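Quick note: the sequence shown, position 34, residue 34 per the numbering used here, numbers continuous. Cβ atoms here follow ideal geometry from the backbone N, Cα and C, with glycine treated the same way. Since this is a predicted model, take the numbers as computed values, not measurements. Worksheet for the structure shown next.
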Amino acid sequence: MAKFSGRSSGICFLFVVVGAILGGIIGQLLMNVDALSGLMPYLVATYPVFDVKPFTINLYVIQLTLGLAFAPNLMSIFGIVLAIVLFRRY
């Protein structure tokens, strides 16, 4: 993968993940603000990108259940964009 301004792509990935998580948390916190009540349904609605349904592997000693879903909301996407901008700037 390409490096951004001399730093590894792993740090960029960490910035993006943290930005997505913080954006989602901020979106949930802003749901209770009355001034943004008309805008909030659009900011916190999730948009499923992909969804791998959970499946179970029974190995008789251990049972594994694996699945993955990615459904960001608009605030998470803003957090990702802000994280990339901050990563490139600093």
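Contacts around residue i, its chain only, beta-carbon distance under 6 angstroms, and the 5 residues preceding and following it disregarded
i: F87; result: C12 and F15
Selection from the options that minimises the alpha carbon distance to residue i
i: N58; options: L66, G38 and I25; result: L66
i: V52; options: L43, L39, L68 and V44; result: L68
Boundaries (first-last residue) of the beta strand (DSSP E) holding residue i
i: V49; result: First-last for V49: undefined, no H or E at that position.
i: G67; result: Q63 to F70
Residue range of the unbroken alpha helix (DSSP H) whose run includes residue i
i: L22; result: S9 to L30
i: L59; result: No alpha helix (DSSP H) holds L59; DSSP gives it neither H nor E.
i: L43; result: M40 to V44
i: L36; result: Segment: none, L36 is in no alpha helix (DSSP H) and carries neither H nor E.
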